[in-house]
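Going by the numbering used here, the residue at position 57 of the sequence shown is 98; the numbering climbs one at a time, nothing skipped.
We put the beta carbon where it would ideally sit given N, CA and C, even for glycine.
One structure below.
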Amino acid sequence: MRTLPELLNSWLPAPDRPSVLVAAGEAASFAASVEKLQQAERPMEVVRVSSPADAQRLVRRGAVAILVVDASNTLPGNLELLLEAVSKEKPPQVLVVSPQARATSVARPVEAVAGGMDAAAWAKLAQECVRRFQTGKVCDLRAGDLLSALAVMPDEGWLRICSGDEFGDICVSQGKAIYCEVGRQAGDEAAAKICEWGNCLFEYRELPEFLRQNMDKPLGELGQGQQPAAAPTKAAPARSKEPDMEEPDQFPVLEEMLRAAPAIAAEATGEPGLEEPDDLPAFDPKAADAEIVVEEPQEFLLREDSEPVEEELEEPLGLDFDAPAAVFEPSVAMPAAPIPAPSPAHETASVFEAVAVLCMSRMIRCEPPNQARYFDPETLSVFYERSKAYIMRHQLGEAPLLQIGGGDFTILVVAAPGGDCLIAAKTSSGQISAEQKRELDRLCEEQAAASPAFSR
42 MRTLPELLNS
52 WLPAPDRPSV
62 LVAAGEAASF
72 AASVEKLQQA
82 ERPMEVVRVS
92 SPADAQRLVR
102 RGAVAILVVD
112 ASNTLPGNLE
122 LLLEAVSKEK
132 PPQVLVVSPQ
142 ARATSVARPV
152 EAVAGGMDAA
162 AWAKLAQECV
172 RRFQTGKVCD
182 LRAGDLLSAL
192 AVMPDEGWLR
202 ICSGDEFGDI
212 CVSQGKAIYC
222 EVGRQAGDEA
232 AAKICEWGNC
242 LFEYRELPEF
252 LRQNMDKPLG
262 ELGQGQQPAA
272 APTKAAPARS
282 KEPDMEEPDQ
292 FPVLEEMLRA
302 APAIAAEATG
312 EPGLEEPDDL
322 PAFDPKAADA
332 EIVVEEPQEF
342 LLREDSEPVE
352 EELEEPLGLD
362 FDAPAAVFEP
372 SVAMPAAPIP
382 APSPAHETAS
392 VFEAVAVLCM
402 SRMIRCEPPN
412 QARYFDPETL
422 SVFYERSKAY
432 IMRHQLGEAP
442 LLQIGGGDFT
452 ILVVAAPGGD
462 CLIAAKTSSG
472 QISAEQKREL
482 DRLCEEQAAA
492 SPAFSR
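Dropping the structure here:
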């Protein structure tokens, strides 16, 4: 068995025989049995590294037929290694070795197998895995297959899973699902739905420290206990076609309908209808011209210790324009009011017409609030995840800056660092400017912390 502390930058899978990559420490009990695959009737190349991070580098090098992962490895990164392997265009058969597992054969692309097998059982298992890899059966990965294998691993993380037009989030820790959400569904119901997805794309994120759990269920039991689909019932006999009804050419006028409405309401509620009295008071037009005088008591206008005093204002007899103007000097100097510094919202408003922060298909805030109608959190999240899945599938580079334009304005959507929050901005310009790009980068840095949706 080859170890690669010094050949990490130069190793490539062997072109003439299947390659087996083992991510396990030297103390792994199955290491000696796997090593004997090099002397089998159909020899294989066997390479072992202790660090899952080093194994990720080697998985990217080429076509690895079998990836063996030690579930009890104390070094971090096993979960990321599994996602790196299953995301390849031609993924390897993944074997997660654990004392808790009992399987000695494979039926899924990611399988948890027993660690106490002897060399003969490992040779049989390896040949079966190579046949699955060469025939392309490993590509049929369901989300439930991966989650079942994670049930024997102590790793923790936040998985974003995308399948076609649907996407969801599930957080795992110590072999259990502790949080799950798909659209408006959450908890066990959302986890059961994710387990049925096929042809999935996976993205790993670190688990937030302040996560509020909405479930606590072993990964191996996800999807169990769901009610089976109802059996198809016999179709009801077709009813005979009813004759066409003649369309009326006369309709009741609105006045007749209004007169009939009180009687209909009285019959429905059992209460007598209200009748309009005949002797209504007549309107006197002369009363409108009469002057209405309201006397206000002076105690409402004066203090209790003061008496009403009428001051007479003396009108000046003449104006002297040649006299110098009087200068008023206040006895106490009033300090000038400080000019408030512009808030970040004002700076953002000068670049964008509105900015919204979205998280887990929900709007966290919008500035200004009256522009919130332009941001549909669920639709924008779906559009962004589809564009991100397209970029991941075709390996086009970094995360997208989504532009949804048309009409009088454009909506820009970008993910904050960590990927749990989206920044959406509304602008009237057809193309994004350098100033707007800098402002988006600044907003993303402000939202670099984990999503506040986990603290709901």
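Residue pairing by DSSP places Gln444 opposite Leu453 in a beta bridge.
For Ala69, there is no enclosing alpha helix (DSSP H), as DSSP marks it with neither H nor E. Fully contained in the stretch 173–246 are the following beta strand (DSSP E) runs of length 3 or more, in chain order: 197–204, 207–214, 217–223 and 242–246.
Here the alpha carbon of Ser428 sits roughly 21 Å from the alpha carbon of Gly448. Excluding its 5 nearest sequence neighbours in each direction, Pro259 has C-beta neighbours in its own chain below 7 Å: Ala192, Gly216 and Lys217, listed in chain order. Around the C-beta of Phe416, 16 or more other C-beta atoms lie within 10 Å, and the residue is accordingly described as buried. With fewer than 16 other beta carbons inside 10 angstroms of its own, Ala73 counts as exposed. Taking the Cα of Glu262 as reference, the smallest distance to any Cα among Leu187, Gly205 and Lys77 is reached at Leu187. Pairing Cys241 with Ala184 gives a Cβ-Cβ distance under 8 Å.
Listed in chain order, the non-local C-beta contacts of Gln134 below 6 Å within the same chain comprise Ile107, Cys170, Arg173, Phe174 and Val179, local neighbours out to five positions each way being set aside. Put simply, the backbone Cα of Val154 is about 20 Å away from that of Ser92.
Taken in chain order, the whole alpha helix (DSSP H) runs of length 4 or more contained in the stretch 398–440 are 418–435. For Arg89, there is no enclosing alpha helix (DSSP H); the residue is found in the beta strand (DSSP E) stretching over Glu86 to Val90. In the three-state scheme derived from DSSP, where H, G and I count as helix and E and B as strand, Glu76 is classed as helix. As the crow flies, the alpha-carbon of Pro59 is around 6 Å from that of Glu86. With a 10 Å radius around the Cβ and a threshold of 16 neighbouring Cβ atoms, Lys234 comes out buried.
Rounded to whole angstroms, the gap between the alpha carbons of Cys485 and Ser189 is 35 Å.
Annotation for Glu244: Arg201 place their beta carbon closer than 6 Å to its own, counting only its chain and skipping 5 residues before and after.
The continuous stretches of alpha helix (DSSP H) do not include Val109, which lies in the beta strand (DSSP E) extending over residues Ile107 to Asp111. Lys478 carries a helical assignment under DSSP once its states are collapsed to helix, strand and coil. In this model, Ala64 and Val105 are separated by some 13 Å (Cα to Cα). The beta carbon of Thr176 lies closer than 7 Å to none in the same chain, with the five residues before and after it left out.
Comparing alpha-carbon positions, the option among Ala55, Val137, Arg98 and Ile464 lying closest to Ala413 turns out to be Ile464. Where Leu263 is concerned, there is no enclosing alpha helix (DSSP H), because DSSP gives it neither an H nor an E. Cβ contact annotation for Leu120 (same chain, cutoff 6 Å, sequence separation greater than five): Asp196 and Gly198, in chain order. Sequence-distant Cβ neighbours of Pro132 in its own chain, meaning closer than 8 Å and more than five residues away, are Ala126, Pro150, Val179, Cys180 and Leu182. Bridge pairing for Pro259: Lys217 [DSSP]. Straight across, the Cα-Cα distance linking Ala55 with Glu394 is about 58 Å. The beta carbons of Ala167 and Leu248 sit no closer together than 8 Å. Partner residues in the beta bridge of Leu463, as assigned by DSSP, are Leu399 and Ala456. By the CB criterion at 8 Å, Leu123 and Trp52 fall outside the cutoff. Cβ contact annotation for Trp163 (same chain, cutoff 8 Å, sequence separation greater than five): Phe71, Ser74, Val75, Lys77 and Leu78, in chain order. Under the DSSP assignment, Gln97 falls in the alpha helix (DSSP H) whose first and last residues are Pro93 to Val100.
The beta carbon of Met256 is closer than 7 Å to those of Ala218, Ile219, Tyr220, Cys221, Gly228, Asp229 and Ala232 in its chain, skipping five residues each way along the sequence.
Ranked by Cα distance from Ser139, the options Val147, Ser146, Val110 and Cys236 are led by Val110.
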